[in-house]
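The structure appears right after this line, and notes come after that.
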Amino acid sequence: MKLIYLITSLLLISSPIANAQSPFENPENLQILPKDIPPERLRAIMRNFSFALDVRCTHCHLRVEEDGEGRMVFDSDEKETKKIAREMMKMSGGINRDIRALNRGDDHQYTRVQCTTCHRGQENPFLIQSVMDGEIATGGVEAAKAKYAELKEKYYGGHTYDFSGFTLSEYANSLMEKGNMDQALDIALYSQQSNPKTPYAHTMVGNIYMAQEDYANAAKAYEASLKVDPEQGFIQDQLDKAKAAMQ
């Protein structure tokens with residue numbers, strides 16, 4: 353429903369909260385974009401902003417109530433989010449200019465930083481690891497796993513969060529490096545269960561068990577990793593070390 357609202361409001365601009373004249377015709381108070389920008393170009397830019405952050409026009413633009421009806425005041429600078437948007441436009445524009453200045457040759461295909469490059473459908477572009485850090489801090493590992501499952505149900509298949517087995521297992525590795533061994537193992541086992549076809553998911557479980565000197569379970573995890581991908585010489589070495597430690 354939110355997506356439908358965005359499309360309707362951006363393409364039609366005909367609801368009671370809109371101005372009588374399209375905001376894309378003769379826009380006022382443009383400070384970053386060219387003052388003579390074509391209406392369709394301005395419409396496309398605003399639409400891209402909305403979809404990149406998954407927000408509505410009122411996220412940046414002021415809406416006022418008059419005589420029981422809403423009206424958009426597009427030239428107002430009252431909202432802080434509009435000021436932030438301008439700074440973000442300056443930042444991304446500067447990055448793109450710096451990329452071009454690298455002078456990689458006429459045949460080099462340059463990339464272009466856009467809002468969606470970082471935001472990926474979020475107002476605040478958090479990585480899944482940051483979300484889980486917050487959940488662990490307030491509710492523990494079970495809360496983090498529940499949030500992960502909730503977000504995966506909602507966003508899987510899109511680019512808002514990285515739900516790959518490597519990323520979740522690497523998050524377990526970061527917990528281990530901080531010395532949070534119980535949390536690390538819990539997340540690693542969760543990743544192993546969720547991503548049985550990802551070799552690193554099994555490897556990470558083995559690495560944590562090795563650090564805990566639980567060599568039997570480490571060996572089982574390494575064997576599972578090699579079963580998925582036998583061409584892992586380093587993991588075979590780890591398996592040999594685990595078996596030797598068991599003797």
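Counting with this note's numbering, you get residues 353 to 599 for the letters of the sequence shown. Heads up, the beta-carbon is just placed ideally off N, CA and C, and yes, glycines get one too.
Residue from the options whose Cα sits closest to the Cα of residue i
i, options, result
"tyrosine 507", "Glu494, Phe518 and Leu479", "Leu479"
"proline 390", "Phe376, Phe401 and Asn400", "Phe376"
"valine 407", "Asn476, Asn525, Ser577 and Asp592", "Asn476"
"arginine 464", "Met441, Asp485 and Val483", "Met441"
"asparagine 569", "Leu541, Gln474 and Phe426", "Leu541"
"isoleucine 436", "Cys412, Asn400 and Ser374", "Cys412"
"phenylalanine 518", "Lys499, Thr512 and Ser543", "Ser543"
"aspartate 534", "Ser546, Gly510, Gly509 and Ala563", "Ala563"
"threonine 468", "Asp427, Pro379, Ile397 and Lys387", "Ile397"
Span of the alpha helix (DSSP H), counted from its first residue to its last, around residue i
i, result
"arginine 472", "Unbroken run through arginine 472: none, as it is neither H nor E."
"arginine 449", "432-452"
"arginine 423", "No alpha helix (DSSP H) contains arginine 423, which is instead part of the beta strand (DSSP E) from 421-425."
"leucine 414", "Careful: leucine 414 lies outside any alpha helix (DSSP H), inside the beta strand (DSSP E) at 414-418."
"lysine 497", "480-507"
Whether residue i touches residue j by CB criterion (8 Å)
i, j, result
"leucine 405", "lysine 431", "no"
"methionine 484", "serine 521", "no"
"serine 444", "glutamine 466", "yes"
Range of the contiguous beta strand (DSSP E) that encloses residue i
i, result
"arginine 399", "Note, arginine 399: premise wrong, no beta strand (DSSP E); alpha helix (DSSP H) at 391-405."
Please go through the segment 525-599 and give each complete alpha helix (DSSP H) segment of 4 or more residues, from N-terminal end onward.
-> 533-546, 551-563, 567-580 and 585-598
Contact between the segment 580-594 and the segment 542-553: three or more CB pairs below 8 Å?
-> yes
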